[in-house]
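So the structure is just underneath, and the comments pick up after that.
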Amino acid sequence: MSTIPDWCFSVCRNPATAMGLPLALGFLSGYGSAEMRSKRTGQTLKSQTSCPTHPAMTWIWNAMYPLAGYAAYLTVKDFDAAITPLETNNALAAFKLYWVQLGLNLLWPPVFVGQGQSMVGLGIMTCLFGTVAAMTAKMNNLFTPVNTTWFLAPYLGFLGYNLYENFVAVKNSQHA
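If you use our numbering, the sequence shown closes out at 1608, no skipped numbers anywhere.
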């Protein structure tokens, strides 16, 4: 029926796991990236002058994982309750975008923060921003008890800021 493994649906059928799994994976990705940066440069995240520019960025970034996870939970609820093939397909398309964005989101910190590859990071962040924008639009049209845009708009705004910061890092690295 779907190209998404059953475990992806199972994880997102429970709000705790829908929010908790991306948060745990995001924490591991961010922690690993900071460790890679420290080994590569001898600098800790606090002493680095590039992104993230403020200590709150880590906390904000980690808050975005559960927000998107809850939107995925609502999407699976809509998928399960869908009556028409159109409703099923819309929810499935939005759910696929959720998993794509999660993968991109987990890929960006090791590339940009950990390895210092600002140009590759910019490509990933651009794809991530576009994927989340498309996901937000798709999920907005679903029949959920709470509009998922309330959860995804802050995430999209935060990604826009990170896209800008990544662009500045690329620009600065070209002038160095």
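Virtual Cβ for every residue (Gly too), placed ideally from N, Cα, C.
- Message: Quick check: the stretch 1592-1607 against the stretch 1517-1524, are at least 3 beta-carbon pairs closer than 8 Å?
- Response: With the cut-off at 8 Å, the stretch 1517-1524 and the stretch 1592-1607 do not touch.
- Message: Quick check on A1525: does DSSP put it in helix, strand or coil?
- Response: Here A1525 sits in helix by DSSP.
- Message: Between T1558, R1445, A1488, which has its C-alpha nearest V1602's C-alpha?
- Response: Comparing Cα-Cα distances from V1602 to each of T1558, R1445, A1488, the minimum goes to T1558.
- Message: For the pair the stretch 1538-1548 and the stretch 1502-1521, tell me if three or more CB-CB distances fall below 8 Å.
- Response: At 8 Å Cβ cutoff, the stretches do not touch.
- Task: Give every residue of the same chain whose Cβ lies closer than 7 Å to the Cβ of S1550, excluding the five residues on either side of it in the sequence, and list them in chain order.
- Result: Closer than 7 Å at Cβ, skipping near neighbours: F1544, N1598, A1601, V1602, S1605.
- Query: Taking the Cβ atom as the reference point for each residue, do M1567 and Y1530 lie within a distance shorter than 8 Å?
  - Reply: Yes, these two residues count as a Cβ contact at 8 Å.
- Item | Cut-off 7 Å between Cβ atoms - residues of its own chain near Q1447, not counting five sequence neighbours on either side | One detail in the question is off: residue 1447 reads as Pro in this sequence, not Gln. Leaving aside the five residues that flank P1447 on each side, the residues in its chain whose CB is nearer than 7 Å to its CB run, in chain order, Y1502, Y1505.
- Query: Leaving out the 5 sequence neighbours to the left and right, which residues in its chain are closer than 6 Å to V1532 when beta-carbon positions are compared?
  - Reply: Answer for V1532: T1563, listed in chain order.
- Would you mind working out which of P1586, W1493, M1571 sits nearest F1459, comparing C-alpha positions? Residue nearest to F1459 within the set P1586, W1493, M1571 is W1493 (criterion: CA-CA distance).
- Query: What residues in its chain sit with their C-beta under 7 Å from that of Y1587, if we drop five residues either side in the sequence?
  - Reply: Cβ within range, chain order: M1496, L1499, A1500, V1564.
- Distance, P1437 Cα to F1575 Cα: Taking C-alpha positions only, F1575 is separated from P1437 by approximately 23 Å.
- Query: Helix or strand or just coil, what does DSSP make of G1501?
  - Reply: The answer is helix: DSSP assigns G1501 an H, G or I state.
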